[in-house]
Amino acid sequence: MREYLTAECYKLFRRKYFYGALIVCLLLEGLLLWSSWFTSINGNTHSTFAMAAFMLQTLLTVGMYATLVTGDLAFSDQYRFTTLKNEVSYGIPRSRIYLGKLAAATLAAVIAAAVMLGFYLLGAWLLLPHGAGDGEALALAGYWIAGAFPLWLGAQGVAILCCFHMRSAAAGAFLSVFLLAVLPCIFQMLGYLVHPAFLAVYHCFPGDMLGRFPSDMLGQPVIDWSYAGRCWLVGLAWLIGSTAVGMVLFRKKEIR
81 MREYLTAECY KLFRRKYFYG ALIVCLLLEG LLLWSSWFTS INGNTHSTFA
131 MAAFMLQTLL TVGMYATLVT GDLAFSDQYR FTTLKNEVSY GIPRSRIYLG
181 KLAAATLAAV IAAAVMLGFY LLGAWLLLPH GAGDGEALAL AGYWIAGAFP
231 LWLGAQGVAI LCCFHMRSAA AGAFLSVFLL AVLPCIFQML GYLVHPAFLA
281 VYHCFPGDML GRFPSDMLGQ PVIDWSYAGR CWLVGLAWLI GSTAVGMVLF
331 RKKEIR
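Residue numbers (the working numbering): 81 to 336.
Spelled out as structure tokens, the structure:
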């Protein structure tokens, strides 16, 4: 398994696609930081480091959809190039193929997330004014990241599942978006129109949990580690469930 994972990581990190996507994200973060800095030096007293850190909660949802990119990076459109068929023909166990690509995609996602989060927070720290609320803002940022990380892992499991079972990269991306974004909306609508039980299902989707971190009566964000614990339970359930389904289907799948 180690040799296979090493080979997968070698292929993934040699692709210009990874670095191109990362550079685009960093440029967009840089634009956001520059905008905050520009308004700050022109008299906007609300444009501070604490405010930038509070904005991180909204940006964390982007991490869920970034797993589509890392999943595509790891799978590399292997049906079109018949490389997956070659791997199976060479006698590599299908479980090793599936788990190896999932691990490579997850490693790429973790590295990209660390770079982007570090760039954003460090840039905000260096460019924007500081105040008494900085400590609280950093604590909240750490709490949100701790809760978001397992939900990203669950989304990565879904993305790899879709890559393995759709014959084109575009179809895999569309299916991932359907499962992560459209299907939750369907359950939400059914919860309002048919029965509240559907809302309980809706609240177990990663996207909903990312946007539902607790706040107080005045709408100010608060730290609730029990909610972070639920994020870990839900995120790992999505990761383990999607991986189990993906591996079972892949073992039965005829590779053409």
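By construction, the Cβ of each residue, glycine as well, lies at the ideal position given by its N, Cα and C atoms.
Remember, it's a predicted structure, so these values are computed and weren't measured experimentally.
(1) If contacts are defined as beta-carbon pairs under 8 angstroms, then residue 315 and residue 234 qualify, I think. What distance do you get, rounded to the angstrom?
(2) State the DSSP-derived secondary structure class of residue 156, mapped to helix, strand or coil.
(3) What's the C-alpha gap between residue 265 and residue 216?
(4) Which of the three DSSP states is assigned to residue 295 in this structure?
(5) Straight-line CA distance for residue 152 to residue 313?
(6) Does the count of Cβ pairs from the region 203-213 and the region 124-132 closer than 8 angstroms reach three?
(7) Residue 211 lies in the alpha helix (DSSP H); which residues open and close that run?
(8) Report yes or no: do the region 316-326 and the region 231-245 share at least 3 C-beta pairs separated by less than 8 angstroms?
(9) What residue does the alpha helix (DSSP H) around residue 317 start on, and which one ends it?
(10) According to DSSP, is residue 276 part of a helix, a strand, or is it coil?
(11) Could you tell me if residue 334 is buried or exposed, where buried requires 16 or more neighbouring beta carbons within 10 angstroms of its beta carbon?
(12) Tell me the residue span of the alpha helix (DSSP H) that contains residue 99.
(13) Thinking C-alpha only, which one of 270, 112, 249, 168 is nearest residue 138?
(14) Is the Cβ-Cβ distance between residue 188 and residue 290 less than 7 angstroms?
(15) Measure the Cβ-Cβ separation of residue 303 and residue 200 and say whether it is below 7 angstroms.
(16) Report yes or no: do three or more beta-carbon pairs, one from the region 112-122 and one from the region 164-184, lie closer than 8 angstroms?
(17) What are the boundary residues of the alpha helix (DSSP H) that residue 289 is part of?
(18) Skipping 5 residues on each side, what residues in its chain have a beta carbon closer than 6 angstroms to that of residue 268?
(19) Determine the DSSP secondary structure at residue 173, reduced to helix, strand or coil.
(20) Given a cut-off of 7 angstroms on the beta-carbon distance, is the pair residue 271 and residue 279 in contact?
(21) Does the separation of the CB atoms of residue 147 and residue 226 fall below 7 angstroms?
(22) Among 194, 136, 177, which has the Cα closest to the Cα of residue 102?
(23) Is residue 154 closer than 7 angstroms to residue 185 when the C-beta atoms are compared?
(24) Take the Cβ of residue 256 as the centre, count every other Cβ of all protein chains shown within 10 Å, and call the residue buried at 16 or more, exposed below.
According to the data block:
(1) Within the sequence shown, residue 315 is the residue found at index 235, counting from 1. Within the sequence shown, residue 234 is the residue found at index 154, counting from 1. Confirmed, Cβ separation roughly 4 angstroms.
(2) Counting from one through the sequence shown, the residue named residue 156 turns up at place 76. Looking at residue 156 - three-state DSSP - the assignment turns out to be coil, as it is neither helix nor strand.
(3) Residue mapping note: residue 265 aligns to position 185 of the sequence shown, counting from 1. Residue mapping note: residue 216 aligns to position 136 of the sequence shown, counting from 1. Taking the straight line from one Cα to the other gives about 33 angstroms.
(4) The residue given as residue 295 occupies position 215 in the sequence shown. Three-state result, residue 295: strand.
(5) Here residue 152 is taken as the residue at index 72 of the sequence shown, counted from 1. Here residue 313 is taken as the residue at index 233 of the sequence shown, counted from 1. Spanning the two alpha carbons is a distance of roughly 26 angstroms.
(6) Yes, since at least three Cβ pairs between the region 203-213 and the region 124-132 fall closer than 8 angstroms, the two stretches touch.
(7) Working through the sequence shown from its first residue, we reach residue 211 at position 131. Neither: residue 211 is in no alpha helix (DSSP H) and is coded neither H nor E.
(8) yes
(9) Reading the sequence shown from its first residue, position 237 is the one you call residue 317. Residue 317: member of the alpha helix (DSSP H) spanning 305-332, first to last residue.
(10) Counted from its first residue, the sequence shown places residue 276 at position 196. Three-state result, residue 276: coil.
(11) To locate residue 334, count along the sequence shown from 1; it is residue 254. With fewer than 16 other Cβ atoms within 10 Å, it is exposed.
(12) On the sequence shown, residue 99 is found 19 positions in, with the first residue counted as 1. Start and end: 96-121.
(13) Translated into the one-based positions of the sequence shown, residue 138 becomes position 58. Of the candidates 270, 112, 249, 168, the one whose C-alpha sits nearest the C-alpha of residue 138 is 112.
(14) Counting from 1 along the sequence shown, the entry for residue 188 is found at position 108. Counting from 1 along the sequence shown, the entry for residue 290 is found at position 210. Not a contact, by the Cβ cut-off of 7 angstroms.
(15) Reading the sequence shown from its first residue, position 223 is the one you call residue 303. Reading the sequence shown from its first residue, position 120 is the one you call residue 200. Result no, Cβ atoms of residue 303 and residue 200 do not sit closer than 7 angstroms.
(16) no
(17) Here the question's residue 289 lines up with position 209 in the sequence shown. That run of the alpha helix (DSSP H) goes 286-290.
(18) Within the sequence shown, the letter at position 188 stands for residue 268. Excluding residues within five positions, the ones whose Cβ falls inside 6 angstroms are 282.
(19) Start at 1 with the first residue of the sequence shown, and residue 173 comes out as number 93. Three-state result, residue 173: coil.
(20) Along the sequence shown, read from residue 1 onward, the residue named residue 271 stands at position 191. Along the sequence shown, read from residue 1 onward, the residue named residue 279 stands at position 199. Their beta carbons are under 7 angstroms apart, which means residue 271 touches residue 279 by this criterion.
(21) For the purposes of this step, residue 147 is identified with residue 67 of the sequence shown, where counting begins at 1. For the purposes of this step, residue 226 is identified with residue 146 of the sequence shown, where counting begins at 1. Not closer than 7 angstroms, so no.
(22) Mapped onto the sequence shown, residue 102 falls at position 22. Answer by Cα proximity: 194.
(23) Taking the first residue of the sequence shown as position 1, residue 185 is located at position 105. Taking the first residue of the sequence shown as position 1, residue 154 is located at position 74. With respect to residue 154, residue 185 sits close: the two C-beta atoms are nearer than 7 angstroms.
(24) Your numbering for residue 256 matches position 176 in the sequence shown. Per the 10 Å Cβ criterion, buried.
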